[in-house]
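2 protein chains.
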Amino acid sequence: MAERLSAEARRQALGGLPGWTDVPGRDAIGKTFVFKDFNEAFGFMSRAALVAEKMDHHPEWRNVYKTVEVVLSTHDAGGVTARDIALAKAMDAIAG
Amino acid sequence: MAERLSAEARRQALGGLPGWTDVPGRDAIGKTFVFKDFNEAFGFMSRAALVAEKMDHHPEWRNVYKTVEVVLSTHDAGGVTARDIALAKAMDAIAG
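Chains A and B supply the protein sequences, listed in that same order. For the first sequence, position 2 matches number 2 in UniProt numbering, and the numbering has no gaps at all. For the second sequence, position 74 matches number 74 in UniProt numbering, and the numbering has no gaps at all.
Below is the structure:
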C-alpha cells in the first residue's frame, strides 16, 4: 500500500508540479484546470479517466463548462502519496 | 432565450423527475447518481457530455469514484428553465 509522503517529500513533489497546491483543511492536493471550452475540458477528463482507471487511482473532480477542479488524495492512506503525485503528473501531461 | 420556469411549472417538472430536487440556496436543480464503479460513473458522464454538447447546455457536476453529483441551471436565465428539465430527462435516460 502507498504510504503518505513526508512533509519534505510532498513539498519537493509540489515544487515540480506547477499549479498544484495543498487543499485547505484536507490532506490532499488540488489544481484547477481551465480550458478553451467544454469540448477541451471534457476531452481532458476523458483522457485522464482512462489513465486513472488504469492506475486504479481516481480523482475527485468538478467540471463547470471549461473548468475542471481536481482534488487528489489516497483514501486508503488517509493523505497524499506517490500515487497522487503520479496522477497529477499524468494530468499535467494530458492538459499539455 | 429560455425563460425561467414558474414555480408551478417547476414543481410539476420535478414531480416527473425522480431524485431531482431543488438545490438549497440556489435557483437550480440537482441529483446525485450512484453507479457500480468508476467505469459506470464515467461512462454515464461521457454519454451525458455528448448530449450536453449537442444541446449546448452543460451541467455542473462532481465525480468521486462511483458517484456523480449534478447541478443544472441556465446561466443566461438566472435559474431553472425547460433546457434544464430536458437535460435532466436525458441524464435519467442514460443512467437507465
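Cβ atoms here follow ideal geometry from the backbone N, Cα and C, with glycine treated the same way.
- Task: State the Cα-Cα distance for the pair F33(A) and T67(A), rounded to the nearest angstrom.
- Result: 6 Å
- Query: Are the C-beta of F33(B) and some C-beta of chain A separated by less than 9 Å?
  - Reply: Chain A, which has no Cβ nearer than 9 Å to the Cβ of F33(B), makes this no.
- Message: Helix, strand or coil, according to DSSP, for V23(A) in the structure here?
- Response: coil
- Query: Along chain B, in chain order, which residues have C-beta atoms closer than 7 Å to that of H57(A)?
  - Reply: Here the premise fails: no neighbours, minimum Cβ distance about 10 Å.
- Query: Is the beta carbon of E53(B) less than 9 Å from the beta carbon of N39(A)?
  - Reply: yes
- Message: In chain order, what are the residue ranges of uninterrupted beta strand (DSSP E) at least 3 long that sit wholly in the stretch 7 to 92 of chain B?
- Response: Uninterrupted beta strand (DSSP E) stretches at least 3 residues long and entirely within the stretch 7 to 92 of chain B occur at 29 to 34, 60 to 64 and 67 to 72, given in chain order.
- Query: Who are the neighbours of R62(A) on chain B, taking C-beta pairs under 9 Å?
  - Reply: E60, W61, R62, N63 and E69
- Query: Going along chain A in order, which residues have a C-beta closer than 9 Å to the C-beta of S73(B)?
  - Reply: Those within 9 Å of S73(B) in chain A number zero; the least Cβ separation is about 11 Å.
- Per-residue contacts from F38(B) into chain A (C-beta, under 8 Å): A49, A52, E53 and H58
- chain B partners of F42(A), CB-CB under 7 Å? A49
- Would you call the stretch 24 to 33 of chain B and the stretch 65 to 79 of chain B touching, i.e. three or more CB-CB distances under 8 Å? yes
- Item | Closer than 8 Å at the beta carbon, the chain A residues around S6(B) | The premise fails here: S6(B) is roughly 26 Å from chain A at the closest Cβ pair, so nothing lies under 8 Å.
- Query: Comparing alpha-carbon positions, which option in E3(A), L14(A), G25(A) and V64(A) lies nearest D37(A)?
  - Reply: Closest by alpha carbon: V64(A).
- Query: Is T21(A) buried or exposed, if buried means 16 or more other CB atoms sit within 10 Å of its CB?
  - Reply: exposed
- Task: Compute the Euclidean distance between the alpha carbons of T81(B) and R10(B), then round it to the nearest angstrom.
- Result: 8 Å
- Query: Would a check of beta-carbon distances place M91(A) closer than 9 Å to chain B?
  - Reply: Output row for M91(A): interface = no.
- If you drop the 5 nearest sequence neighbours on each side, which residues of the same chain put their C-beta closer than 6 Å to that of H58(B)? Only A52 meet the Cβ criterion.
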